[in-house]
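Have a look at the structure below, then the notes.
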Amino acid sequence: MNEKAIHADEAPPEYAAEEQQPAPLSWKWWWRKRVWMPTSVLVLLVVFGVIFGAVMGVKASHSANDSEKAEQLFASQGWNSSTRWSSYSATPTYSYSYSWSPTPPAYSTSTYGWSSPSPSPSHCPDCIALQPQRVQRDISVAAGTPDLIFWDLRAEGKLWKKEGSGSWGVAADRKFLVAPVSVHTSADSHIAVSVDASSGRVVYQLFRDGQWGEWQELEFGARFARRPAVISRAEGSVDIFAVTEGGHVWQVSYDEANAQWSQWSDLGHDITSEVSATSWGEDRIDVFGKRGKTVMHRSWTTSSGWTQDWDDLGYPWENYYHDPRNPASSPPLTVSWRDGDDGVVDVYMTQEGQGSSHKLFRNSAWSDWTGMSASHEGYEFADTQSIVKGDGVDGRPFAHLLSRGTNDCINYNVHNGTAWGSWKFIWCAQERGNNYPTQFFSTYIVNSGDGKVNLVGRDLESNFLNLEIVGNAPEEWQYPGPLELWKNLGQPA
Numbered sequence: 017m018n019e020k021a022i023h024a025d026e027a028p029p030e031y032a033a034e035e036q037q038p039a040p041l042s043w044k045w046w047w048r049k050r051v052w053m054p055t056s057v058l059v060l061l062v063v064f065g066v067i068f069g070a071v072m073g074v075k076a077s078h079s080a081n082d083s084e085k086a087e088q089l090f091a092s093q094g095w096n097s098s099t100r101w102s103s104y105s106a107t108p109t110y111s112y113s114y115s116w117s118p119t120p121p122a123y124s125t126s127t128y129g130w131s132s133p134s135p136s137p138s139h140c141p142d143c144i145a146l147q148p149q150r151v152q153r154d155i156s157v158a159a160g161t162p163d164l165i166f167w168d169l170r171a172e173g174k175l176w177k178k179e180g181s182g183s184w185g186v187a188a189d190r191k192f193l194v195a196p197v198s199v200h201t202s203a204d205s206h207i208a209v210s211v212d213a214s215s216g217r218v219v220y221q222l223f224r225d226g227q228w229g230e231w232q233e234l235e236f237g238a239r240f241a242r243r244p245a246v247i248s249r250a251e252g253s254v255d256i257f258a259v260t261e262g263g264h265v266w267q268v269s270y271d272e273a274n275a276q277w278s279q280w281s282d283l284g285h286d287i288t289s290e291v292s293a294t295s296w297g298e299d300r301i302d303v304f305g306k307r308g309k310t311v312m313h314r315s316w317t318t319s320s321g322w323t324q325d326w327d328d329l330g331y332p333w334e335n336y337y338h339d340p341r342n343p344a345s346s347p348p349l350t351v352s353w354r355d356g357d358d359g360v361v362d363v364y365m366t367q368e369g370q371g372s373s374h375k376l377f378r379n380s381a382w383s384d385w386t387g388m389s390a391s392h393e394g395y396e397f398a399d400t401q402s403i404v405k406g407d408g409v410d411g412r413p414f415a416h417l418l419s420r421g422t423n424d425c426i427n428y429n430v431h432n433g434t435a436w437g438s439w440k441f442i443w444c445a446q447e448r449g450n451n452y453p454t455q456f457f458s459t460y461i462v463n464s465g466d467g468k469v470n471l472v473g474r475d476l477e478s479n480f481l482n483l484e485i486v487g488n489a490p491e492e493w494q495y496p497g498p499l500e501l502w503k504n505l506g507q508p509a
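Heads up: the sequence shown at position 283 corresponds to 299 in this note's numbering, and the numbers run straight through without jumps.
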C-alpha cells in the first residue's frame, strides 16, 4: 500500500485536520534535522569563507595594489594588460599592384644599383607569421631640432608631442602604429619615421629650415606591421627598413639633396620580428632580424651590394637549457662604430629566464655569442630594450643600453668599445610586489650630442619621465636610482 508523503504543514491522511494528533517523536526529530543540518553547514561555510578570504586578502594585498596601478596606467592609454590595440585587421590584405608616389620621383642613379621591385608583395603561404610583441613601441624622443621632441602614443593611435618645455599637443590628425623613430640627416636636418595605423604604410616628417614639415605617406602595396629601422649612413641620406605582416623585409632610401625617394627593394621574407639596422659609414649597412629563435643578418657594401641571402648567426642560448614554455625573446638590437679603419658591430638580444647575450663583429669576423652580466637576481623583460650609439670620445661609452627587469627597475649599461659593463639602476619602482607592473612599459634612449644621452620612460601613474646623462652614469648611482634627477614631463591631457 502506497503512503502519501507527510508534510510539516498538513495532517497525516488518516486524521481529519480538527482531530490532528501530535506527530511521533521520531518524525519531529527528522523535521528538525532537515532544518538545522543544512543551516549548520551553511554557517560553517560562511565562517570558513570569511577566514579564508581574510587570509588570502592580506597575502595578496600588495600584488593587487600593483595590478591596480598597472591597469590604471594601461586604461589611461586606452588598452589593458592582456590586449594590445591595433586599428587594422591582423589578417593581411594585399594590393596586387604598386601605386608609386609621383612626388618625389624615384631616382635611378645610386651606389646601391637599384633592383626593380617585384610586381606585388603577394602573400606567401609558406612564410612564418610574425611573433607577437608584448610591449608597445609607444614612446620616443628626437634630439637636436634644436629642442628635444618627446612623442607619446596613446589610445586609438593618437600621437602626442611635447617640444622642449612646451605643452603636450596632438602631433597629427592621423593614427599611428608606433611612436616615431628619428635620425639626423645633416647638422640642421632631421627625419622622423613611423607607420600609419590605418593604411599600414610608412609615414615620415622632415625637419628643415628650423621647423618640422607635415607628415607624408609613402605608397606601398602591403601593410607594415612593426616599428621601422631608420639610419643615416652619410650626410643627406636615409635608409628605412620595415617588415610587412607577412614577414617580408623591404627597404627604401631618401636622397635629401635631390628630395627623391628610391623604389622599394625586397630584402627577403620569413623574418618574424621587427628589424634593426646600423651603419659605421657610408660604405656599409647591417640589418638584423629573427627567424623563429634564430638571429638573421644581411649586409650591404658599396663594392658588393647586398649579400645574396640572410646569414644565420645562430640562437644565442643554443647550449643552454631549453625552456619548453618557449619564453619571449626580444628582437635583436644593434649598434656599430669605427675602430680606426676597422668597423665594429655589436648585436644584442635578451630572452626571459635566460638573460642577455651579445655577438661582436670585429676584424671582419663574428665572435661567439657571449652572455652578459645580470642586472639582478631575476631577468630582463623581452621587448623593453632600447640601444643607441655613443661617441666613444674621451673615455665616453661607445653604446648605451636600457632595459626593464623583474626588479621593476629601468636598468642601464654601456659598451666601452671592447665589452659591456655592469648594469646600473637608474629608476626603480618604490613599491614592489609579485606582478612586475613595469614589464609592459617601453623605454627609449637618444644620443643628444656632446657626449649626452636622454633616457625616457613612464612611471606607474603614466607620467612621461626624462633623464639626461653626460658621459657615463656615476658609480654612486645605486638602487633605487637617482629618482630626484628624473624630470617629470607630465602626460597628455
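For glycine and all other residues, C-beta sits at the position ideal for the given N, C-alpha and C.
Roughly how many whole angstroms lie between the Cα atoms of residue i and residue j?
{"i": "S320", "j": "A415", "result": "28 Å"}
{"i": "R153", "j": "L58", "result": "52 Å"}
{"i": "A445", "j": "D424", "result": "6 Å"}
{"i": "V486", "j": "V469", "result": "7 Å"}
{"i": "A159", "j": "K405", "result": "13 Å"}
{"i": "K177", "j": "Q367", "result": "32 Å"}
{"i": "L169", "j": "P348", "result": "23 Å"}
{"i": "V151", "j": "Y331", "result": "22 Å"}
{"i": "W280", "j": "M312", "result": "21 Å"}
{"i": "T288", "j": "A241", "result": "11 Å"}
{"i": "A250", "j": "T201", "result": "7 Å"}
{"i": "G421", "j": "R314", "result": "30 Å"}
{"i": "Y452", "j": "Q276", "result": "47 Å"}
{"i": "R243", "j": "S215", "result": "14 Å"}
{"i": "G237", "j": "D410", "result": "48 Å"}
{"i": "D204", "j": "N427", "result": "32 Å"}
{"i": "D358", "j": "F377", "result": "10 Å"}
{"i": "V268", "j": "G467", "result": "30 Å"}
{"i": "T125", "j": "A273", "result": "Model confidence at T125 stands at a pLDDT of 29, short of 50, so the residue's coordinates are unreliable and nothing is read from them."}
{"i": "L60", "j": "L505", "result": "54 Å"}
{"i": "S98", "j": "T454", "result": "Per-residue confidence for S98 stands at a pLDDT of 37, beneath the threshold of 50, marking its modelled position as unreliable; no derived number is given."}
Short of 8 Å in beta carbon distance, which residues of its chain neighbour residue i, apart from the five on each side in sequence? Order them along the chain.
{"i": "A293", "result": "A245, V246, I247, D255, F257, I301, D302, V303, F304, T350"}
{"i": "R217", "result": "V211, E233, L234, E235, F236, R239, F240"}
Based on DSSP bridge pairs, tell me the residues matched to residue i.
{"i": "H416", "result": "V404, V430"}
{"i": "Q267", "result": "F257, S281"}
{"i": "S345", "result": "Q367"}
{"i": "N482", "result": "V472, K503"}
{"i": "H206", "result": "H200, F223"}
Who are the near neighbours of residue i in its chain, counting only those whose CB is closer than 6 Å to its CB and skipping five residues on each side?
{"i": "G173", "result": "S103, K191, F192, A213"}
{"i": "W316", "result": "I301, W322"}
{"i": "G497", "result": "F441, I442, W443, C444"}
{"i": "S402", "result": "L418, T459, Y460, I461"}
{"i": "W493", "result": "K440"}
Just to confirm, is the Cβ distance from residue i to residue j under 8 Å?
{"i": "D362", "j": "H285", "result": "no"}
{"i": "W385", "j": "S373", "result": "yes"}
{"i": "W296", "j": "V199", "result": "no"}
{"i": "T310", "j": "F223", "result": "no"}
{"i": "D225", "j": "G252", "result": "no"}
{"i": "G371", "j": "M388", "result": "yes"}
{"i": "Q231", "j": "V219", "result": "It is worth fixing the name first, because residue 231 is Trp in this sequence and not Gln. Going by C-beta atoms, W231 is nearer than 8 Å to V219."}
{"i": "N482", "j": "W502", "result": "yes"}
{"i": "L457", "j": "G473", "result": "First, the residue type needs correcting, since residue 457 is Phe and not Leu in the sequence shown. Yes, Cβ-Cβ distance for F457 and G473 is below 8 Å."}
{"i": "A344", "j": "A398", "result": "yes"}
{"i": "V259", "j": "V291", "result": "yes"}
{"i": "D163", "j": "G185", "result": "no"}
Got a sec? Which residues, its chain only, sit under 7 Å from residue i by beta carbon, not counting five neighbours each side?
{"i": "G437", "result": "N429, V430"}
{"i": "T299", "result": "Strictly speaking, residue 299 in this sequence is Asp, with Thr absent from that position. The answer, listed in chain order, is T317, T318."}
{"i": "S156", "result": "W167, A195, P196, V197, Y460"}
{"i": "D328", "result": "T310, M312"}
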